[in-house]
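In case it helps, UniProt numbering puts the sequence shown at residues 1 to 502.
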Amino acid sequence: MNAPQDAHTLAGAPTQADGPRAALLAGLARILPPAAVLWKAEDTVPYECDGLAAYRQVPEAVVLPDTEEQVCAILRLCHELGVPVVPRGSGTSLSGGAMPIAGGLVLSLAKFKRILSVDAYSRTAVVQPGVRNLAISEAAAPHNLYYAPDPSSQIACSIGGNVAENSGGVHCLKYGLTVHNVLRVRAVTMEGDVVVFGSEAPDAPGLDLLATLIGSEGMLAVATEITVRLIPKPQLAQVIMASFDDVEKGGNAVADVIAAGIIPAGLEMMDKPATAAVEEFVKAGYDLDAAAILLCESDGTPEEVAEEIERMSEVLRRSGATRITVSQSEAERLRFWSGRKNAFPAAGRISPDYYCMDGTIPRKHIGTLLKRIEAMEQKYALRCINVFHAGDGNMHPLILFNGEDLDEWHRAELFGADILESCVELGGTVTGEHGVGVEKLNSMCVQFSPAERDAFFGVKAAFDPARLLNPDKAIPTLARCAEYGKMHVRRGLLPHPDLPRF
Numbered sequence: 001m002n003a004p005q006d007a008h009t010l011a012g013a014p015t016q017a018d019g020p021r022a023a024l025l026a027g028l029a030r031i032l033p034p035a036a037v038l039w040k041a042e043d044t045v046p047y048e049c050d051g052l053a054a055y056r057q058v059p060e061a062v063v064l065p066d067t068e069e070q071v072c073a074i075l076r077l078c079h080e081l082g083v084p085v086v087p088r089g090s091g092t093s094l095s096g097g098a099m100p101i102a103g104g105l106v107l108s109l110a111k112f113k114r115i116l117s118v119d120a121y122s123r124t125a126v127v128q129p130g131v132r133n134l135a136i137s138e139a140a141a142p143h144n145l146y147y148a149p150d151p152s153s154q155i156a157c158s159i160g161g162n163v164a165e166n167s168g169g170v171h172c173l174k175y176g177l178t179v180h181n182v183l184r185v186r187a188v189t190m191e192g193d194v195v196v197f198g199s200e201a202p203d204a205p206g207l208d209l210l211a212t213l214i215g216s217e218g219m220l221a222v223a224t225e226i227t228v229r230l231i232p233k234p235q236l237a238q239v240i241m242a243s244f245d246d247v248e249k250g251g252n253a254v255a256d257v258i259a260a261g262i263i264p265a266g267l268e269m270m271d272k273p274a275t276a277a278v279e280e281f282v283k284a285g286y287d288l289d290a291a292a293i294l295l296c297e298s299d300g301t302p303e304e305v306a307e308e309i310e311r312m313s314e315v316l317r318r319s320g321a322t323r324i325t326v327s328q329s330e331a332e333r334l335r336f337w338s339g340r341k342n343a344f345p346a347a348g349r350i351s352p353d354y355y356c357m358d359g360t361i362p363r364k365h366i367g368t369l370l371k372r373i374e375a376m377e378q379k380y381a382l383r384c385i386n387v388f389h390a391g392d393g394n395m396h397p398l399i400l401f402n403g404e405d406l407d408e409w410h411r412a413e414l415f416g417a418d419i420l421e422s423c424v425e426l427g428g429t430v431t432g433e434h435g436v437g438v439e440k441l442n443s444m445c446v447q448f449s450p451a452e453r454d455a456f457f458g459v460k461a462a463f464d465p466a467r468l469l470n471p472d473k474a475i476p477t478l479a480r481c482a483e484y485g486k487m488h489v490r491r492g493l494l495p496h497p498d499l500p501r502f
């Protein structure tokens with residue numbers, strides 16, 4: 001370990017007589033140098049939330065290890081003392097997955113930011129969890145390779161967080177989510193044991209626990225090393241911007257493209273309020289008269305792209321597109337995508353706060369859900385702009401509100417819950433890539449039965465019997481679901497008749 005030999009106390013920290021907190025800090029001082037243990041209020045407050053700033057909790061302490069041995073020792077100590085631990089990457093989570101637990105420790109992997117290797121022959125990269133998503137593609141670029149999953153926050157989000165949430169991005173339709181692009185994860189359990197999930201080989205013996213770990217939101221183990229799959233850069237990529245005079249036509253066009261047997265590299269949709277907000281921010285060249293626009297990308301050889309662009313354009317015209325623009329240069333293609341990838345900061349320019357949903361529905365119901373959201377805007381007296389990964393039905397409605405107004409925040413919460421319940425009713429899910437965290441615990445009560453939730457807790461118990469690793473996240477308890485059922489009755493929003501009652 002890298003802690004100095006005489007680092008047995010933290011200057012000004014509570015003494016052993018001050019109880020459990022002092023025991024934790026004394027133990028951490030034996031593992032880490034003083035600068036890697038934050039415990040004073042002014043140092044821990046910046047960690048009170050992640051990208052979902054509506055929910056906050058100041059942690060007992062924050063640690064910043066830089067070796068796997070230190071991570072093991074920290075987790076063993078917390079297991080011994082019964083202290084809950086919340087792993088944290090870049091803090092860009094939009095579901096409260098990295099929000100601290102009262103009386104708990106935040107384990108930051110921010111110093112784990114080394115790219116250990118890039119192998120052009122096996123098309124893999126081995127990286128530490130604090131490496132930024134975009135940095136992997138930058139490191140692979142000299143080999144004409146890149147890492148395909150590209151969340152809109154890829155300039156900042158860490159690969160460890162991507163693994164925890166099974167993140168996607170605008171190109172996930174063709175190239176898959178994180179789970180399809182990670183081969184191996186080395187991780188540490190709550191007891192401090194190192195475990196390897198997956199393999200660099202095409203398959204690994206035993207149960208497919210890698211798929212269980214990816215998307216588990218930091219509840220099963222703490223990743224310390226990740227092996228990702230790299231793919232060759234396409235020779236050419238072009239984007240169609242298709243305009244529609246009705247959002248339902250645009251939604252139906254998504255299903256029409258897939259039904260035609262075309263799998264675009266990217267297939268994204270934005271409604272008129274979203275394009276207006278984005279265009280003012282980044283000047284992407286969007287059609288501001290359209291009720292909705294689709295961005296449809298084709299990549300491959302020039303011949304493949306030309307054929308697919310022609311086929312997609314024909315399908316879009318038949319589906320009611322009023323205007324079709326095809327990018328004519330790489331700069332124009334990137335400009336079209338810059339608008340979509342800057343939708344969230346653009347929303348922040350037109351509203352004091354926004355609440356981003358993450359429901360997923362069958363593609364054929366995109367238009368239906370958009371119409372419902374329009375009605376909900378009137379119901380809750382709040383605006384909502386819509387951007388989403390249309391190709392796989394992953395919706396990202398952005399509910400605009402003023403966080404200084406408590407009533408507006410409560411209405412925003414109800415608005416979001418209503419959207420997610422509609423997703424379930426339409427045959428979808430309450431999350432696509434942002435995770436459950438603390439944000440969607442109530443909505444999980446709608447989606448899953450008590451028996452299903454018990455099964456989830458069974459998986460959790462197999463890895464973390466003491467339930468100390470990111471506890472009280474992702475899986476709602478029976479008591480919480482019962483309370484949520486009562487809340488439905490109080491606010492007059494009973495679940496759909498086909499959904500479980502509480």
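For each residue, glycine too, the CB sits at the ideal point set by N, CA and C. Please read these numbers as outputs of a predicted model, since none were measured by experiment.
Span of the beta strand (DSSP E) around residue i
i: Ser108; result: 105-108
i: Ala197; result: As written in the sequence, residue 197 is Phe, which differs from the Ala given in the question. Counting along the chain, the beta strand (DSSP E) containing Phe197 begins and ends at 194-198.
i: Gln238; result: 236-244
i: Pro273; result: Where Pro273 is concerned, there is no enclosing beta strand (DSSP E), although the alpha helix (DSSP H) it sits in stretches over 272-282.
i: Ala61; result: 61-63
Outcome for residue i when other beta-carbon atoms lying within 10 angstroms are tallied against a minimum of 16
i: Glu117; result: The question names Glu, yet the displayed sequence has Ser at residue 117. Ser117 comes out exposed.
i: Lys379; result: exposed
i: Asn144; result: exposed
i: Ser90; result: buried
i: Asp6; result: Only weak support exists for where Asp6 lies, its pLDDT of 46 falling under 50; the coordinates are left without a value.
i: Asn2; result: Residue placement at Asn2 cannot be trusted, given a pLDDT of 47 that sits under 50; what the coordinates show is reported in the next sentence. Classification of Asn2: exposed, given that the 10 Å Cβ count is below 16.
i: Phe463; result: buried
i: Arg317; result: exposed
i: residue 503; result: Because the chain here runs from 1 to 502, residue 503 falls outside it and cannot be looked at.
i: Arg229; result: buried
i: Pro205; result: exposed
i: Asp43; result: exposed
i: Thr178; result: buried
i: Ser449; result: exposed
i: Ser158; result: buried
i: Pro497; result: Summary for Pro497: the model assigns pLDDT 37, below 50, so the residue's position carries little reliability; its value from the coordinates is reported in the next sentence. The residue in question, Pro497, is exposed, as its Cβ has fewer than 16 Cβ neighbours within 10 Å.
i: Val182; result: buried
i: Thr124; result: buried
i: Leu275; result: For clarity, residue 275 is Thr in the given sequence; the question names Leu instead. The residue is buried, with at least 16 neighbouring Cβ atoms inside 10 Å.
i: Gly82; result: exposed
i: Pro352; result: exposed
i: Glu280; result: exposed
Cross-strand partners of residue i (DSSP beta bridge)
i: Thr429; result: Thr360
i: Cys296; result: Ile240, Leu267
i: Phe388; result: Met269, Met395
i: Leu77; result: DSSP, once it has assigned bridges, lists no residue as partnering Leu77.
i: Glu69; result: In the DSSP output, where bridge partners are listed per residue, Glu69 has none listed.
i: Pro87; result: Leu107
i: Phe401; result: Asp353
i: residue 504; result: This structure does not reach residue 504, given that the chain is present from 1 up to 502, and the question cannot be answered.
i: residue 547; result: As displayed, the chain neither begins before 1 nor continues past 502, which places residue 547 out of reach and without an answer.
i: Val37; result: Val63
i: Pro232; result: Leu145
i: Val446; result: Note: Val446 sits in no beta bridge, so no partner.
i: Val424; result: Bridge partners of Val424: none, in fact.
i: Val222; result: Val188
Endpoints, alpha helix (DSSP H) assigned at residue i
i: Glu439; result: Unbroken run through Glu439: none, as it is neither H nor E.
i: Val254; result: 247-259
i: Ala23; result: 20-31
i: Asp43; result: 41-44
i: Asp454; result: 450-463
i: Leu210; result: 209-213
i: Glu303; result: 302-318
Contact belief for residue i with residue j at Cβ below 8 Å, rounded distance in angstroms
i: Asp50; j: Ser108; result: With a Cβ gap of about 12 Å, Asp50 and Ser108 do not count as contacting.
i: Phe336; j: Leu295; result: 6 Å
i: Val185; j: Leu210; result: 6 Å
i: residue 503; j: Gln238; result: The structure shown does not extend to residue 503, since the chain is modelled only from 1 to 502, so the question has no answer here.
i: Met444; j: Pro471; result: Their Cβ separation, rounded to whole angstroms, is 15 Å, which puts Met444 and Pro471 out of contact at 8 Å.
i: Ser243; j: Arg323; result: 4 Å
i: Val86; j: Ile101; result: 6 Å
i: Ala277; j: Ala347; result: 6 Å
Proximity test, Cβ basis, 8 Å: residue i and chain D
i: Pro100; result: Although the question refers to chain D, the structure presented lacks it and comprises just one protein chain.
Minimum length 4: unbroken alpha helix (DSSP H) runs contained in the segment 321-384
Runs found: 330-341, 343-350, 366-380.
In chain order, what are the residue ranges of uninterrupted beta strand (DSSP E) at least 3 long that sit wholly in the segment 105-191?
105-108, 115-119, 124-127, 182-188
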